[in-house]
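The structure appears below as structure tokens.
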Amino acid sequence: MKKRSFTYWILTAFAFASSIQIGIASPAENEAKPLKAGYHEIKAKKAGLLLKNHKDLIVLDIRTEKEYVAGHV
Numbered sequence: 180m181k182k183r184s185f186t187y188w189i190l191t192a193f194a195f196a197s198s199i200q201i202g203i204a205s206p207a208e209n210e211a212k213p214l215k216a217g218y219h220e221i222k223a224k225k226a227g228l229l230l231k232n233h234k235d236l237i238v239l240d241i242r243t244e245k246e247y248v249a250g251h252v
């Protein structure tokens, strides 16, 4: 009887641990999907429209100081 009870508790613990692991490993539905690396150039007019229409858009200027001084947004 004790062996059967012990086996039951081991199986229950394993099932519980497995269900927790599955929950941890599964990505949430609201997580962002990774994007492909790379970039594409756009014209100034399109950049202006994107900035106007997407208030949460972030522009990251990675030019050198010399390039920045030559002209920037």
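For the sequence shown, the working numbering begins at 180 and goes up steadily by one.
Virtual Cβ for every residue (Gly too), placed ideally from N, Cα, C.
What you are looking at is a predicted structure, and each value in this text was computed from that prediction instead of being measured.
Excluding five sequence neighbours on each side, which residues of the same chain lie with their C-beta closer than 8 Å to the C-beta of residue i?
i: Leu230; result: Leu236, Val238
i: Thr186; result: none
Taking the C-alpha atoms as reference points, what is the distance between residue i and residue j?
i: Tyr247; j: Lys212; result: 32 Å
i: Tyr218; j: Leu190; result: 51 Å
i: Glu244; j: His233; result: 27 Å
i: Lys215; j: Trp188; result: 46 Å
Return the residue from the list the options that minimises the CA-CA distance to residue i.
i: Asp240; options: Leu228, Asn232, Gly250; result: Gly250
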